[in-house]
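Step one of this worksheet: look at the structure below.
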């Protein structure tokens, strides 16, 4: 079983739609959680951290469910510019900044 | 401008010909690491460094070497490249290695390596 699992997609949605991605992780000792965005053939960039209480940044909402070991990302009012691959990232236990990356979920927003 | 740079960005080489991919950051970050990204597998960590002269293996270190003689530089060395090392490589850095949510990793633009 992979340490971080995501549905690869693609999720094809029209502009203005709401779309949600889930990601599951296997290590219950994981402490930090993130969503990164990666455009085609470019470097990953931090989209948002995921806090235990959930957090929102504009049209993006991230949630953490420790009991079920999954995190989610909700995108409201999708824009064409949201088309990208979204990487679920989990900090591995061990006291140092080891990030474990999911393979990513591809989102394609169409007019 | 704060950034992580990698060179070369693209490289095609042949089996067994030693190569080095350079990585440099100008943010005075302590922590640096190398990843490779392959389709369907996500980014996998090759090596990491918590500070100067401190390096350790990641998940897929076989066939790679690194060094950290200066804080800003963290080159990746392939002594004898093989076709299974064909991949997209990213260097990354962060302020610290404590693993807290404030330690955002900044990635370089990537190096696309093809080994024939």
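Chains as they are written, first to last, in the numbering used here: chain A, 4 to 114; chain B, 5 to 120. Note that CB positions come from ideal geometry on N, CA and C, so glycine has one too.
8 Å contact criterion, which residue i and residue j should meet: CB distance rounded
i, j, result
"residue 26 of chain A", "residue 41 of chain A", "14 Å between Cβ atoms; not a contact."
"residue 22 of chain A", "residue 81 of chain A", "6 Å"
"residue 47 of chain B", "residue 104 of chain A", "4 Å"
Residue i at chain B interface by Cβ criterion, 8 Å
i, result
"residue 57 of chain A", "no"
"residue 13 of chain A", "no"
"residue 104 of chain A", "yes"
"residue 61 of chain A", "no"
"residue 82 of chain A", "no"
Cβ pair residue i, residue j closer than 8 Å
i, j, result
"residue 12 of chain B", "residue 115 of chain B", "yes"
"residue 32 of chain B", "residue 75 of chain B", "yes"
"residue 92 of chain B", "residue 22 of chain B", "no"
"residue 38 of chain B", "residue 70 of chain B", "yes"
"residue 35 of chain B", "residue 52 of chain B", "yes"
"residue 110 of chain A", "residue 14 of chain A", "yes"
"residue 106 of chain A", "residue 11 of chain A", "yes"
"residue 79 of chain B", "residue 24 of chain B", "yes"
"residue 95 of chain B", "residue 10 of chain B", "yes"
Buried or exposed by the 16-neighbour rule on C-beta atoms within 10 Å, applied to residue i
i, result
"residue 43 of chain A", "exposed"
"residue 65 of chain A", "buried"
"residue 54 of chain A", "exposed"
"residue 43 of chain B", "exposed"
"residue 29 of chain A", "exposed"
"residue 18 of chain A", "exposed"
Chain A residues whose Cβ lies nearer than 8 Å to that of residue i
i, result
"residue 87 of chain B", "Chain A residues near residue 87 of chain B: none, gap ~21 Å exceeds 8 Å."
Contacts of residue i in chain A (Cβ-Cβ under 9 Å)
i, result
"residue 3 of chain B", "Residue 3 of chain B cannot be examined here, being either before or after the span of chain B that is shown, 5 to 120."
"residue 113 of chain B", "45 and 46"
"residue 29 of chain B", "The contacting residues do not exist; residue 29 of chain B stays about 13 Å from chain A at best."
"residue 49 of chain B", "101, 102, 103 and 104"
Minimum Cβ-Cβ distance from residue i to chain A less than 8 Å
i, result
"residue 109 of chain B", "yes"
"residue 45 of chain B", "yes"
Chain C contact for residue i (CB, 8 Å cutoff)
i, result
"residue 19 of chain A", "Annotation note: the requested chain C is absent from the structure, which comprises protein chains A and B."
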